[in-house]
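**Student:**
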Amino acid sequence: MSAILTVWWKEIRENLRDKRTVMSALIYAPLFGPIMFVVLINVQINREMAKAEGPLKVPVIGAQYAPNLIAALKRQGLEPQPAIAEPENAVRHRDTDVVLRIPASYGNAWNTGEPAQVELIYDASQMGTDTARERLQNMLKRYVSEQGALRLLARGISPAIATPVVVSERDQSTPQSRAGLLFGFLPYFFVIAIYIGGMYLAIDLTAGERERQSLEPLFANPVARSSILLGKLAAIGVFSFISLLLCVIGFSIAGHFMPSEKLGMSFDLGAAFVGQALLLELPLLALFAVGQTLIAAFAKTYREAQTYLGFLMILPAVPSMLMSFMPVKPAPWMYAVPLLGQQLGVSQLLRGGSVGMSEIGIALVCGFAVAFLIGLLTAQVYRSERLAISV
Amino acid sequence: MIEVRNLRKSFGEVKAVDGVSFTARDGEITGLLGPNGAGKTTTLRMLYTLMKPDAGQVLVDGIDTVVEPVAVRRTLGVLPDARGLYKRLTARENIEYFAQLHGVETALMQQRREKLVDALEMRDILDRRTEGFSQGQRVKTAIARALVHDPKNVILDEPTNGLDVMSTRSMRAFLKAMKAEGRCVLFSSHIMQEVAALCDRIVVIAHGRVVADETPDALRAQTGETNLEDAFVKIIGSEEGLAA
Numbered sequence: 010m011s012a013i014l015t016v017w018w019k020e021i022r023e024n025l026r027d028k029r030t031v032m033s034a035l036i037y038a039p040l041f042g043p044i045m046f047v048v049l050i051n052v053q054i055n056r057e058m059a060k061a062e063g064p065l066k067v068p069v070i071g072a073q074y075a076p077n078l079i080a081a082l083k084r085q086g087l088e089p090q091p092a093i094a095e096p097e098n099a100v101r102h103r104d105t106d107v108v109l110r111i112p113a114s115y116g117n118a119w120n121t122g123e124p125a126q127v128e129l130i131y132d133a134s135q136m137g138t139d140t141a142r143e144r145l146q147n148m149l150k151r152y153v154s155e156q157g158a159l160r161l162l163a164r165g166i167s168p169a170i171a172t173p174v175v176v177s178e179r180d181q182s183t184p185q186s187r188a189g190l191l192f193g194f195l196p197y198f199f200v201i202a203i204y205i206g207g208m209y210l211a212i213d214l215t216a217g218e219r220e221r222q223s224l225e226p227l228f229a230n231p232v233a234r235s236s237i238l239l240g241k242l243a244a245i246g247v248f249s250f251i252s253l254l255l256c257v258i259g260f261s262i263a264g265h266f267m268p269s270e271k272l273g274m275s276f277d278l279g280a281a282f283v284g285q286a287l288l289l290e291l292p293l294l295a296l297f298a299v300g301q302t303l304i305a306a307f308a309k310t311y312r313e314a315q316t317y318l319g320f321l322m323i324l325p326a327v328p329s330m331l332m333s334f335m336p337v338k339p340a341p342w343m344y345a346v347p348l349l350g351q352q353l354g355v356s357q358l359l360r361g362g363s364v365g366m367s368e369i370g371i372a373l374v375c376g377f378a379v380a381f382l383i384g385l386l387t388a389q390v391y392r393s394e395r396l397a398i399s400v
Numbered sequence: 004m005i006e007v008r009n010l011r012k013s014f015g016e017v018k019a020v021d022g023v024s025f026t027a028r029d030g031e032i033t034g035l036l037g038p039n040g041a042g043k044t045t046t047l048r049m050l051y052t053l054m055k056p057d058a059g060q061v062l063v064d065g066i067d068t069v070v071e072p073v074a075v076r077r078t079l080g081v082l083p084d085a086r087g088l089y090k091r092l093t094a095r096e097n098i099e100y101f102a103q104l105h106g107v108e109t110a111l112m113q114q115r116r117e118k119l120v121d122a123l124e125m126r127d128i129l130d131r132r133t134e135g136f137s138q139g140q141r142v143k144t145a146i147a148r149a150l151v152h153d154p155k156n157v158i159l160d161e162p163t164n165g166l167d168v169m170s171t172r173s174m175r176a177f178l179k180a181m182k183a184e185g186r187c188v189l190f191s192s193h194i195m196q197e198v199a200a201l202c203d204r205i206v207v208i209a210h211g212r213v214v215a216d217e218t219p220d221a222l223r224a225q226t227g228e229t230n231l232e233d234a235f236v237k238i239i240g241s242e243e244g245l246a247a
């Protein structure tokens, strides 16, 4: 036991003296997520808000053919802009989000009671143009239904006759569950904080020691290799835990800087969330520590291990990506799958739902069981003769 | 005391150690001499339990290295071929780390450390981080680290490799002092002068086999050469890999 502690403390002390490890494990890895999140979301929201509330500026071609229509749209907040020559190209190159074109035949059709046509020109594949298009569409719909109702009234018919069905929408999302949608990628940041937090230590403690040829003298001490391994794993665990803790607290603080009232969303990233999220992620600390050490044990140099582990960083992203491409209904068994369980659980917590003790229990037991099995494999590799021999 | 009996170790097709036997006694310095690639390092690695022999037996103070490797390591002080200091720790911290792994009490450890620091003349580098140490400073630190638990048996792989003349001389004095303390000192070298100057017994290894196991005088008599260098060349059968 004291040998494990000795190894553990030496690894922590030695790595706290390494700038690169400290920077990446305790600053870059945990805080990158929350900072990027606050900045990006604020920029995005302010832009969307400006679009949704300000006057809508849309180039109008042929405004002179439909003065009444334009006047009605102006009352709803449209600011018609001068006509432009090639509207199709303009929207394709994003010179403008949407263009309204009124053909010369508009007046004739209106007067004869035929449906008069107007054209909306836009490019749906351009990001962020939806707001302008939808606003213009809604303005047009309102004008159409008003005019339709007026025509029916003029013929002595109740406008209700043209509305056989009224759809009332009852959105069951809560301000918090809408926020969960926005925070969808947050579980991945937690996982990455654990992964990067421990990665540099895992590399240094096995591949790095091997490259610097210090494993051989270390193994000449009267300490079982399993004790040395346990001490090293514990040191990795401490670094990744601190990284995770900083990341969770970072997001908890970031929640206060979100313009949540503007969004009609609410965030509750308080102590209960922090506690439950940390508990859920615990098995990943062990899993990543043994997995990264196992891979580092196969690498002859620090750089080689860094390449492997950098490449494997996408692995924890798989559940997040799968869930965003094929939304699945959460089932209890999913908590038994490491990474998937954490993804589900943290998403659930973000949506303001609660995760039952039994689900957390399943995630903990199964996560630690998988970590234990990989740990046995890692211990096996640690016992091999060739591990200590660097050349 | 270290007894080596018919030790064998192969790496694939290569027989690195092919039936090595010798005994290193307490209060003596035993030199393992051989050209580069003769199997010295592999033999030593089996002695300090880093590798398991394919066949044969090693007894350290009567304890079998395969049966009780941890107990064997407790009685050994080892300077491996790979010195491998921790660069971000000071020399003092390097020494203390190994003392703790050996379970040495703090007070006792300090006392032994002070003795080693004086004997190795390394007080000026004690509180410097080992990054940027010269070869001599590295070896001194590694030896202090290996001996801080006061082992009865000392195994050193090429202890003077890369040292300048002054460091080599003080290293030799240090080995002699350990012998005087009654320890069993076993070291490997490919340098004849060194072995000749220090050893009570010389074990010559070539191609994984022991080709001679004698006192320096007996070796000269056996080969009929008055010069040790000529004696070695005669025994090994070639001049390849030996340095004067």
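Here the protein sequences line up with chains A and B, keeping their order. When the count follows our numbering, it moves up by one through the first sequence with no breaks and lands on 400 for the last residue. When the count follows our numbering, it moves up by one through the second sequence with no breaks and lands on 247 for the last residue. Beta carbons: idealized from backbone N, C-alpha and C, even for Gly. Computed from a prediction, not measured in an experiment: that's the story for all the values here.
Give the interface partners of threonine 310 of chain A over in chain B, defined as CB-CB distance under 9 Å, in chain order.
**Tutor:** Here residue 310 of chain A corresponds to residue number 301 of the first sequence, with the count starting at 1. Within 9 Å Cβ-Cβ: nothing; threonine 310 of chain A doesn't reach chain B, min ~14 Å.
**Student:** Note down, in chain order, all residues in the region 369-399 of chain A with a beta-carbon under 9 Å from any beta-carbon belonging to chain B.
**Tutor:** So the list reads Glu394, Ala397, Ile398, Ser399, given in the order they occur along the chain.
**Student:** Is the CB-CB distance between tyrosine 152 of chain A and tyrosine 115 of chain A below 7 Å?
**Tutor:** Translated into positions along the first sequence, residue 152 of chain A becomes position 143. Translated into positions along the first sequence, residue 115 of chain A becomes position 106. Not a contact, by the Cβ cut-off of 7 Å.
**Student:** Going along chain B in order, which residues have a C-beta closer than 9 Å to the C-beta of proline 226 of chain A?
**Tutor:** For the purposes of this step, residue 226 of chain A is taken as residue 217 along the first sequence, with counting starting at 1. Those are Val81, Leu82, Pro83, Ala85, Arg86, Gly87, Leu88, Phe101, Ala145, Arg148, Ala149, listed as they occur along chain B.
**Student:** For glutamine 90 of chain A, list the residues DSSP reports as bridge partners.
**Tutor:** Mapped onto the first sequence, residue 90 of chain A falls at position 81. Glutamine 90 of chain A is bridged to A/Pro68.
**Student:** Under a CB-based cut-off of 7 Å, is methionine 112 of chain B close to chain A?
**Tutor:** Taking the first residue of the second sequence as position 1, residue 112 of chain B is located at position 109. No, methionine 112 of chain B does not count as interfacial toward chain A.
**Student:** Which runs of the beta strand (DSSP E), 3 residues or longer, sit entirely within the region 123-205 of chain A?
**Tutor:** Taking only runs of at least 3 residues, the beta strand (DSSP E) segments lying wholly in the region 123-205 of chain A are 128-131.
**Student:** May I ask you to report which of helix, strand or coil DSSP gives alanine 247 of chain B?
**Tutor:** Start at 1 with the first residue of the second sequence, and residue 247 of chain B comes out as number 244. Only weak support is given to the placement of alanine 247 of chain B: the predicted model assigns it a pLDDT of 46, under 50, and the value that follows is read from those uncertain coordinates. Of the three classes helix, strand and coil, the one that applies to alanine 247 of chain B here is coil, per DSSP.
**Student:** Going along the region 230-245 of chain A in order, which residues come within less than 7 Å of chain B, judged by CB to CB distance?
**Tutor:** Residues passing the 7 Å Cβ filter: Asn230, Pro231, Val232, Ala233.
**Student:** Less than 7 Å between the beta carbons of proline 154 of chain B and threonine 78 of chain B, yes or no?
**Tutor:** Within the second sequence, the letter at position 151 stands for residue 154 of chain B. Within the second sequence, the letter at position 75 stands for residue 78 of chain B. Result yes, Cβ atoms of proline 154 of chain B and threonine 78 of chain B sit closer than 7 Å.
**Student:** Assuming phenylalanine 260 of chain A and leucine 210 of chain A are in contact, meaning their beta carbons sit under 8 Å apart, how far apart are those beta carbons, in whole angstroms?
**Tutor:** Taking the first sequence and counting its residues from 1, the one referred to as residue 260 of chain A is at position 251. Taking the first sequence and counting its residues from 1, the one referred to as residue 210 of chain A is at position 201. Not a contact, Cβ separation roughly 23 Å.
**Student:** May I ask you to report which of helix, strand or coil DSSP gives threonine 46 of chain B?
**Tutor:** Counting from one through the second sequence, the residue named residue 46 of chain B turns up at place 43. Of the three classes helix, strand and coil, the one that applies to threonine 46 of chain B here is helix, per DSSP.
**Student:** Cβ of isoleucine 32 of chain B within 7 Å of Cβ of leucine 231 of chain B?
**Tutor:** Position 29 of the second sequence, counted from the start, is the residue given in the question as residue 32 of chain B. Position 228 of the second sequence, counted from the start, is the residue given in the question as residue 231 of chain B. Their beta carbons are not under 7 Å apart, which means isoleucine 32 of chain B does not touch leucine 231 of chain B by this criterion.
**Student:** Against histidine 105 of chain B, what residues of chain A qualify as contacts under a CB-to-CB distance less than 8 Å, listed in chain order?
**Tutor:** Sequence index remark: in the second sequence, residue 105 of chain B carries index 102 (1-based). Going along chain A in sequence order, the residues near histidine 105 of chain B (Cβ under 8 Å) are Asn230, Pro231.
**Student:** Taking the straight line between their C-alpha atoms, what separation do you get for tyrosine 204 of chain A and leucine 359 of chain A?
**Tutor:** Your numbering for residue 204 of chain A matches position 195 in the first sequence. Your numbering for residue 359 of chain A matches position 350 in the first sequence. Spanning the two alpha carbons is a distance of roughly 21 Å.
**Student:** Taking C-beta to C-beta, are alanine 215 of chain B and isoleucine 238 of chain B nearer than 7 Å?
**Tutor:** As a position in the second sequence, residue 215 of chain B is number 212, starting the count at 1. As a position in the second sequence, residue 238 of chain B is number 235, starting the count at 1. Yes, Cβ-Cβ distance for alanine 215 of chain B and isoleucine 238 of chain B is below 7 Å.
**Student:** If you follow the alpha helix (DSSP H) that lysine 28 of chain A is part of, which residue opens it and which one closes it?
**Tutor:** As a first step, residue 28 of chain A must be located in the first sequence, where it is residue number 19. Residues 28-32.
**Student:** Take serine 154 of chain A and list the residues in its own chain whose beta-carbon comes closer than 6 Å to its own, dropping the five residues that flank it on each side.
**Tutor:** Position 145 of the first sequence, counted from the start, is the residue given in the question as residue 154 of chain A. Once the five neighbours on either side are set aside, serine 154 of chain A has no close Cβ partner at all.
**Student:** Leaving aside the five residues before and after alanine 247 of chain B along the sequence, list all residues of the same chain whose C-beta is less than 7 Å from its C-beta, in chain order.
**Tutor:** Position 244 of the second sequence, counting from 1, holds the residue named residue 247 of chain B. Because the pLDDT at alanine 247 of chain B is just 46, under 50, the model does not fix this residue reliably, and the value given afterwards should be weighed accordingly. Cβ within range, chain order: Met195, Gln196, Glu232.
**Student:** Assuming alanine 326 of chain A contacts tyrosine 197 of chain A (C-beta within less than 8 Å), just tell me the rounded distance between them.
**Tutor:** Mapped onto the first sequence, residue 326 of chain A falls at position 317. Mapped onto the first sequence, residue 197 of chain A falls at position 188. With a Cβ gap of about 6 Å, alanine 326 of chain A and tyrosine 197 of chain A count as contacting.
**Student:** Please report the distance separating the alpha-carbon of alanine 397 of chain A from that of methionine 49 of chain B.
**Tutor:** Position 388 of the first sequence, counted from the first residue, corresponds to residue 397 of chain A. Position 46 of the second sequence, counted from the first residue, corresponds to residue 49 of chain B. If you take the alpha carbons of alanine 397 of chain A and methionine 49 of chain B, they lie about 13 Å apart.
**Student:** When the Cα of leucine 385 of chain A is compared with those of A/Ala295, A/Arg395, A/His102, which residue comes out closest?
**Tutor:** As a first step, residue 385 of chain A is located in the first sequence; it is residue number 376 there, counting from the start. Of the listed residues, the one whose Cα sits closest to leucine 385 of chain A is A/Ala295.
**Student:** Return the chain-ordered list of same chain residues with a C-beta closer than 7 Å to the C-beta of lysine 12 of chain B, the five sequence neighbours on each side being excluded.
**Tutor:** The sequence position of residue 12 of chain B within the second sequence is 9, counting from 1. These residues qualify, in order along the chain: Ala19, Val20, Thr45, Met49, Met54, Pro56, Asp57.
**Student:** Assign aspartate 84 of chain B to one of three DSSP states: helix, strand, or coil.
**Tutor:** Within the second sequence, the letter at position 81 stands for residue 84 of chain B. Three-state result, aspartate 84 of chain B: coil.
**Student:** In chain A, which residues lie less than 7 Å from arginine 91 of chain B when you measure between Cβ atoms?
**Tutor:** Counted from its first residue, the second sequence places residue 91 of chain B at position 88. Within 7 Å Cβ-Cβ: Glu23, Arg26, Asp27.
**Student:** Taking its Cβ as the centre, do 16 or more other Cβ atoms sit within 10 Å of lysine 19 of chain A, making it buried, or is it exposed?
**Tutor:** Against the first sequence, residue 19 of chain A aligns to sequence position 10. Under this definition lysine 19 of chain A is a buried residue.
**Student:** From the beta carbon of leucine 53 of chain B, is the nearest beta carbon of chain A less than 7 Å away?
**Tutor:** For the purposes of this step, residue 53 of chain B is taken as residue 50 along the second sequence, with counting starting at 1. Yes - at least one Cβ of chain A is within 7 Å of the one on leucine 53 of chain B.
**Student:** Leucine 150 of chain B and glycine 80 of chain B: beta carbons closer than 7 Å?
**Tutor:** Position 147 of the second sequence holds residue 150 of chain B. Position 77 of the second sequence holds residue 80 of chain B. In this structure, glycine 80 of chain B lies closer than 7 Å to leucine 150 of chain B by Cβ.
**Student:** With a CB to CB cut of under 6 Å and the five nearest residues on each side skipped, what residues in its chain are close to lysine 90 of chain B?
**Tutor:** Here residue 90 of chain B corresponds to residue number 87 of the second sequence, with the count starting at 1. Cβ within range, chain order: Thr133, Glu134.
**Student:** For isoleucine 398 of chain A, does the three-state DSSP call read helix, strand or coil?
**Tutor:** The sequence position of residue 398 of chain A within the first sequence is 389, counting from 1. Three-state result, isoleucine 398 of chain A: coil.
**Student:** My assumption, with CB atoms under 8 Å, is that arginine 144 of chain A sits in contact with leucine 65 of chain A. Please give the rounded CB distance.
**Tutor:** Taking the first residue of the first sequence as position 1, residue 144 of chain A is located at position 135. Taking the first residue of the first sequence as position 1, residue 65 of chain A is located at position 56. At roughly 5 Å, the Cβ-Cβ gap stays under 8 Å, so arginine 144 of chain A and leucine 65 of chain A are in contact.
**Student:** What's the gap between the Cα of leucine 178 of chain B and the Cα of alanine 12 of chain A?
**Tutor:** Residue numbering aside, residue 178 of chain B sits at position 175 when the second sequence is read from its first letter. Residue numbering aside, residue 12 of chain A sits at position 3 when the first sequence is read from its first letter. Taking the straight line joining both Cα atoms gives about 30 Å.
**Student:** Compute the Euclidean distance between the alpha carbons of alanine 216 of chain A and tyrosine 391 of chain A, then round it to the nearest angstrom.
**Tutor:** For the purposes of this step, residue 216 of chain A is identified with residue 207 of the first sequence, where counting begins at 1. For the purposes of this step, residue 391 of chain A is identified with residue 382 of the first sequence, where counting begins at 1. Straight-line Cα distance between these residues: approximately 12 Å.
**Student:** Residues of chain B with a CB under 8 Å from the CB of arginine 56 of chain A: which are they?
**Tutor:** Taking the first sequence and counting its residues from 1, one reaches residue 56 of chain A at position 47. By Cβ distance, chain B contributes nothing, its closest Cβ being about 47 Å from arginine 56 of chain A, past 8 Å.
**Student:** Tell me, please, whether the CB atom of valine 70 of chain B is closer than 7 Å to any CB atom in chain A?
**Tutor:** Stepping through the second sequence from its first residue, residue 70 of chain B is reached at position 67. Closer than 7 Å: no.
**Student:** Count Cβ pairs between the region 302-318 of chain A and the region 216-236 of chain A that sit closer than 8 Å; are there 3 or more?
**Tutor:** Touching, yes, given that three or more Cβ pairs across the two stretches are closer than 8 Å.
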